[in-house]
Amino acid sequence: MPKSDNTHNTPILPYHTYEVRKVVEELNTDTDDGLTTQEVKSRTEKYGPNQMSGDSGVSPWKVLLRQLVNYLTVILILAMCVAFSAKDWVEGGVIAFVIVLNTTIGFLQEYRAEKTMDSLRKMASPTSHVIRDGNQIHISTTEVVPGDVLLFENGDVIGADCRLFENFNLEVDEALLTGESVPVPKTLELVENPEEPIGDRRNMVYASTTVTKGRGKGVVTATGMDSEIGKIAKRLMESESSGKTSLQRSLDKMALILFGLAIVLAIIVFAVNKFKVSEDIAIYAISVGIAVIPEGLIAVVTLTMAAGVRNMAKNKAIVRQLSALEALGSVTNICSDKTGTLTQSKMVLTKAYLPGDGFYDVSGKGFNPEGDLFQLGELTSEELAEVSLSGPSATARKITEDNMSTTMKRMIQVSALCNMAIVKKDKNTDQWVGIGDPTETALQVFATKLGSGKPGLVKEVNGQRPLFDIHAEFPFDSTVKRMSVVYTEGNSEKHIAYLKGATERVVDCCTRVRVGDREVAIEKREELMQMIGGKVDQLASNGLRVLSLAYRYIEPQLSETHPDYWEREQVDKNMVFLGLVGIYDPPREESKEAVLECYKAGIRVHMLTGDHPATATAIAREVAILPSDYSADKEGPRLVMTANEFDSLSDAEVDALSQLPHVIARCSPDTKVKMIEALHRRNKVAAMTGDGVNDSPSLKIANIGIAMGMGGSDVAKNASDIVLTDDNFSTIVRAVEEGRRIFANIQKFVLHLMSTNVSEIIALIVGLAFIDVDGTSVYPMSPVQILFLNMVTSSPPAMSLGLELANPLTMRMPPRPTKRGLFNYEAVADIVLYGAMMGLIALADFIIVIYGFGNGSLGRECNRNYSDSCDEVFRARGTVFSTLTLLFLIHAYNCRSLRQPQWLPKGWSSLFENKALVGSFTLGTLFIFPILYIPYLNTDVFKHKPLTWEWGVVAVSVVIFIVFSELYKFLKRRFLKSRVIVMNENDDKEEEVSED
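Counting with the working numbering, you get residues 27 to 1022 for the letters of the sequence shown.
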């Protein structure tokens, strides 16, 4: 093999500089028989599987470590250690159970998400056709080794980098490596320059690229991370970022603040007791620390995110990181590809032009060969565009087989016969599918719509000779940009040639033009171009890819007397120009609505495409990325640029633009990166779509990278945060809405958990003032009560809040600023006020039971055990526990909407919308009774006693809290407003409206 380092098999001189013979010698292989089984085994051990690093599966240990290394879990572990060191086995055991529960939930949810992505990657992994031991076999691409002989044909995904040694009209789509959308024709000729760019190494094919035409054979020269795709993946791995989202930063910051607060409160407990640290005082300090920490927060956040991930999976999106959905809520700009994302990726012939007849419109969508043909006549570009938007006018002439001109029939014949595509109905799905080149498929669908598909023209019917017999075929060649065929007419025995291709190349072959039913001679090429050039521009300006069609009868005597006549150069001349057809990839039906939904949400959509500017502009107008009346001639900011124009601007010039372009045509990977960097400098949050390996840098640096799952490369998927399984732009919009819903719900349950913790802290800290006869503070709640309230009472309603449906105004609000975490001023005020109210009510209940209706005795050692002297303290704790349980459950309904009433008649209709919340409210209420009334469990574990007349105190407390909540919300609705978006294709505005 060529010289290499100790780790890789990359030669000093790349293989494209080697003759095939030398490649075979260096790799010790055989182009006829391939490798032997023993040699394959040896090379597999040496080079490893043909896959990217990190593709070996999901590591459960790494997932588990991520669950343990977070601030809240660390704080709980410290609290557990303190409890066990104080020999408080019950509290320590309960905290340990909470840690295990949180970790298990987080591990299972993230591991499931990673496995889902791993499964997606494996499903996308293709097989390869190789020669081994002299036999042709199919194997998994991961089993390919250097020296293997690969065979590939139209439609195959190439499994490894190969040096070609056999080539039959082979063309390969290398867009994922080079960004060039045009397939690359391959040759066997030597490329001498070692530094030749990948796109110009015509004797090589590369892993993960796709064969679009022809077939070939090659010797595998590099696999896995040594392939060109692997080198890009390696660079991505080296630039891996560990940045955190605002939610993660908010949670980390909150955990640190709570940890500091727990320490301060513990010091206060010790100080009140004059730093005489006994076991009871240590347990009280632990109780305060437990009250500070929202134990259920980790589990609730994880489960809420996981529920969002599952929702998105059902909606055709795989979320690779649980935090990605949260970041979606801040997206301000979406940079989307066109083909397959905004469009259907199904080429459709929609317009035609015949000299003398004018324009034609063809209806119908996709591959379904149903539609009508209308003759429009001569139209201006504006009139033609109006037909594209609104359909033919009532005056348009419908063409049927009875009134169809002979020229149109000839055009249909050219479309059907100068064509290798097949259109058929899939028996399993009952859907029409196209097999072959997308452009040829569009032509075949067009012909089939009008009753003259290729099968009906070339097949025998009832023993009758077919209408046309194939005589010669000259496939499309990118060097001449045309295809031609020769058929024998069944009736006349005449030879007829059909030609299609790029207009300038077809015109070069024509000496006549069909005008109506006449063939008119033309003396110069320029004469024909002058006749049809304006029509080509009209079709192109409407976003159509234009092809020209031609035909001619071949003189019998020439075909007999010239042995070299059946060569392309002889056939492709003296043609009769027929007309033009316009083909385009139509937008998805839902794309325009999705783009408009983005505007309502304050999100700007940009189209970054490799298409011609005219095509890109037309599609952008159709899907509302550009105004429907947009014209480059209008005054104002330039909304459409080519990649060359945009790339030529310095960063300062880009920043000086009043608006970044809405459309960039002829876009390259470097242009995408530049666009993302420009958005970042404007403090925008950008989502970027991509499918190729060369898109991975822009996917990586974007705030949200979105890869295409249907045809995208594994490297792009691994560089992304979200993978779309349907490649549909509207799925991105649904993801944004889901991200906003999730973040809003996280705010709701964090408000719930934090305000309940505030209530416990107030009760416990003020409770230090309750001193028994031994001079020890008597706590209003026991540690187990606190843990139960935090984990069992608060967590299920909080999880239910995570399942709340999106607010109707969710997609009318401006994107959430990235610098703003969970806590804005309103959220902090809500936490403090609701928490203080619940805490004061609990304290009031404790005081009323002991001092109002009791004798004021705090007993002796009531923090440890029950005795007759502790009867009133235990009853007071039971009252506080029952009151806080109900208040926590009621408060969950408050948190559903920060301003809308829940307990007044206006809000009753929505009380039962969230079934999970109804269930958690019901179960939480029912749990009160066994915990209060089961012997031993009540006095020895929870350290409280059953209630009797105290239920009246609880009922009054509930009413007071509900009245406070509704009054507080009324005041907020009265004085606070919400911002909503009013936005269109040109500008964006915000206005203040009431949430009502």
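We put the CB at the ideal spot given by N, CA and C, even for glycine.
Tell me which residue opens and which closes the beta strand (DSSP E) that P639 is part of. Start at 1 with the first residue of the sequence shown, and residue 639 comes out as number 613. Per DSSP, P639 lies in no beta strand (DSSP E); the unbroken alpha helix (DSSP H) holding it starts and ends at P639 to E648.
On a Cα-Cα basis, can you pick out the residue from N454, K475, N445 and L476 that is closest to I461? Looking up residue 461 in the sequence shown gives position 435. Minimum Cα distance to I461 is reached at N445.
- Item | Supposed contact pair S808 and F968 - C-beta distance, whole angstroms, cut 8 Å | Position 942 of the sequence shown, counting from 1, holds the residue named residue 968. Position 782 of the sequence shown, counting from 1, holds the residue named residue 808. Correct: roughly 6 Å between the Cβ atoms.
(Q) For F400, tell me which candidate among G417, E412 and R423 has the shortest Cα-Cα distance. (A) One-based indexing of the sequence shown puts residue 400 at position 374. Out of G417, E412 and R423, R423 has the C-alpha closest to the C-alpha of F400.
>> For the alpha helix (DSSP H) containing L910, name the first residue and the last one.
In response: Position 884 of the sequence shown, counted from the first residue, corresponds to residue 910. Unbroken alpha helix (DSSP H) run through L910: D897 to N920.
| field | Member of T421, V541, G662 and S567 whose CA lies at the smallest distance from the CA of A644 | value | As a working note, residue 644 is residue 618 in the sequence shown. Proximity to A644 across T421, V541, G662 and S567 peaks at S567, based on C-alpha coordinates.
TODO: Please specify which runs of the alpha helix (DSSP H), each continuous and at least 4 residues long, are wholly inside the region 663-712, giving them in chain order.
DONE: DSSP runs (the alpha helix (DSSP H)) wholly in the region 663-712: 669-673, 677-682 and 695-707.
Taking its Cβ as the centre, do 16 or more other Cβ atoms sit within 10 Å of I293, making it buried, or is it exposed? Locating residue 293 in the sequence shown gives position 267, counting from the first residue. With a threshold of 16 other beta carbon atoms within 10 Å, I293 falls short and is exposed.
What first and last residue would you give for the alpha helix (DSSP H) that runs through P723? Counting from one through the sequence shown, the residue named residue 723 turns up at place 697. Run containing P723: S722 to I727, per the alpha helix (DSSP H) assignment.
| Using 8 Å as the Cβ pair cut-off and three pairs as the minimum, do the region 648-667 and the region 699-711 touch? | Because the criterion of three Cβ pairs below 8 Å is not met, the region 648-667 and the region 699-711 do not touch.
*Beta-carbon gap between I425 and M437 smaller than 8 Å*: One-based indexing of the sequence shown puts residue 425 at position 399. One-based indexing of the sequence shown puts residue 437 at position 411. Result no, Cβ atoms of I425 and M437 do not sit closer than 8 Å.
Handout entry: Strand pairing of F400, partner residues [DSSP]
Key = By one-based count along the sequence shown, residue 400 stands at place 374. Looking at the DSSP output, F400 sits in a beta bridge with D387 and K424.
I need the boundaries of the alpha helix (DSSP H) containing K831, first residue and last residue. On the sequence shown, residue 831 is found 805 positions in, with the first residue counted as 1. The amino acid at residue 831 is misidentified as Lys; the sequence shows Leu. No alpha helix (DSSP H) holds L831; DSSP gives it neither H nor E.
query: If we count the other Cβ atoms within 10 Å of its Cβ and call it buried at 16 or more, is I283 buried or exposed?
result: Here residue 283 corresponds to residue number 257 of the sequence shown, with the count starting at 1. By the 10 Å Cβ count, I283 comes out exposed.
Practice item. Determine the extent of the alpha helix (DSSP H) in which S781 is found, giving its start and end residues. Key: For the purposes of this step, residue 781 is taken as residue 755 along the sequence shown, with counting starting at 1. Counting along the chain, the unbroken alpha helix (DSSP H) around S781 starts and ends at F755 to V792.
By a C-beta neighbour count over all protein chains shown, 10 Å radius and 16 as the cutoff for buried, is Q564 buried or exposed?
-> For the purposes of this step, residue 564 is taken as the residue at position 538 of the sequence shown. With 16 or more Cβ atoms within 10 Å of its Cβ, Q564 is classed as buried.
**Asked** Can you pull the DSSP bridge partners for F194?
**Response** One-based indexing of the sequence shown puts residue 194 at position 168. Answer is R241.
- Please determine, among N920, D966 and E486, the residue with the shortest C-alpha to C-alpha distance to G11. An answer regarding residue 11 cannot be provided, because it is not within the stretch 27 to 1022 covered by the chain.
Suppose the cutoff is 6 Å on Cβ atoms and the five residues either side in sequence are ignored; what does the same chain contact list for E499 look like? Reading the sequence shown from its first residue, position 473 is the one you call residue 499. Only V511 meet the Cβ criterion.
Can you give the Cα-Cα distance for I867 and S983, rounded to whole angstroms?
-> Locating residue 867 in the sequence shown gives position 841, counting from the first residue. Locating residue 983 in the sequence shown gives position 957, counting from the first residue. Each residue's Cα considered, the two are about 6 Å apart.
- Grouping DSSP H, G and I as helix and E and B as strand, with all else coil, what is K485? Sequence index remark: in the sequence shown, residue 485 carries index 459 (1-based). Three-state DSSP puts K485 in coil, outside helix and strand.
### Message
Measuring alpha carbon to alpha carbon, tell me which residue in F775, D199 and E412 is nearest T209.
### Response
Taking the first residue of the sequence shown as position 1, residue 209 is located at position 183. Correcting the residue identity first, residue 209 is Pro in this sequence and not Thr. For the residues F775, D199 and E412, the minimum Cα distance to P209 belongs to D199.
Notebook entry, point to check: Name the DSSP beta bridge partners of I344, please?
Noted result: The residue you call residue 344 lines up with position 318 of the sequence shown. In DSSP, I344 forms a bridge with V749.
Q | Local Cβ density within 10 Å of L705, reported as buried at 16 or more and exposed below that | A | The sequence position of residue 705 within the sequence shown is 679, counting from 1. Around the beta carbon of L705, a 10 Å sphere encloses 16 or more other beta carbons of the protein chains shown; the residue is thus reported as buried.
Report yes if the CB atom of H917 is closer than 8 Å to the CB atom of S826, and no otherwise.
As a first step, residue 917 must be located in the sequence shown, where it is residue number 891. As a first step, residue 826 must be located in the sequence shown, where it is residue number 800. Contact annotation: H917 and S826 have beta-carbon atoms that are not nearer than 8 Å.
Short Cβ contact (8 Å threshold) for N76 with E179: Here residue 76 refers to the residue found at position 50 when the sequence shown is read from its first residue. Here residue 179 refers to the residue found at position 153 when the sequence shown is read from its first residue. Taking 8 Å as the Cβ cut-off, N76 and E179 do not qualify as a contacting pair.
Q.
If I measure Cβ to Cβ from Q370 and keep anything under 6 Å in the same chain, skipping five residues before and after, which residues do I get?
A. Against the sequence shown, residue 370 aligns to sequence position 344. The answer, listed in chain order, is P612 and R614.
Would you decide whether N889 is buried or exposed? Buried here means 16 or more other CB atoms lie within 10 Å of its CB. In the sequence shown, counting from the first residue as 1, residue 889 sits at position 863. It counts as buried.
Q.
Quick check: the Cα distance between I258 and R760, rounded to an integer number of angstroms?
A. As a first step, residue 258 must be located in the sequence shown, where it is residue number 232. As a first step, residue 760 must be located in the sequence shown, where it is residue number 734. C-alpha separation (whole angstroms): 31 Å.
With distances taken Cα to Cα, identify the nearest neighbour of Y959 among L949, H970 and G950.
Mapped onto the sequence shown, residue 959 falls at position 933. It is H970 whose Cα lies nearest to the Cα of Y959.
Span of the beta strand (DSSP E), counted from its first residue to its last, around G527: What you label residue 527 is simply residue 501 of the sequence shown in a count that begins at 1. Where G527 is concerned, the enclosing beta strand (DSSP E) stretches over H521 to G527.
Y44 classed as buried or exposed, judged by whether at least 16 other C-beta atoms fall within 10 angstroms = As a first step, residue 44 is located in the sequence shown; it is residue number 18 there, counting from the start. Y44 is buried by the Cβ-count criterion.
Handout entry: 8 Å Cβ cutoff met for I121 and L102
Key = Here residue 121 corresponds to residue number 95 of the sequence shown, with the count starting at 1. Here residue 102 corresponds to residue number 76 of the sequence shown, with the count starting at 1. Yes; because the gap between Cβ atoms is below 8 Å, this pair is in contact.
Practice item. Give the straight-line distance between the Cα atoms of L351 and L829, rounded to the nearest whole angstrom. Key: The residue given as residue 351 occupies position 325 in the sequence shown. The residue given as residue 829 occupies position 803 in the sequence shown. Rounded to the nearest angstrom, the gap between the Cα atoms of L351 and L829 is 14 Å.
Original post:
If we call anything under 8 Å between Cβ atoms a contact, is A281 one with G315?
Top reply: Counting from 1 along the sequence shown, the entry for residue 281 is found at position 255. Counting from 1 along the sequence shown, the entry for residue 315 is found at position 289. Between A281 and G315, the C-beta gap is not smaller than 8 Å, which leaves the two residues out of contact.
- Message: Using a Cβ distance threshold of 8 Å, determine whether the region 378-393 contacts the region 539-554, with at least three qualifying pairs required.
- Response: Yes, the region 378-393 touches the region 539-554.
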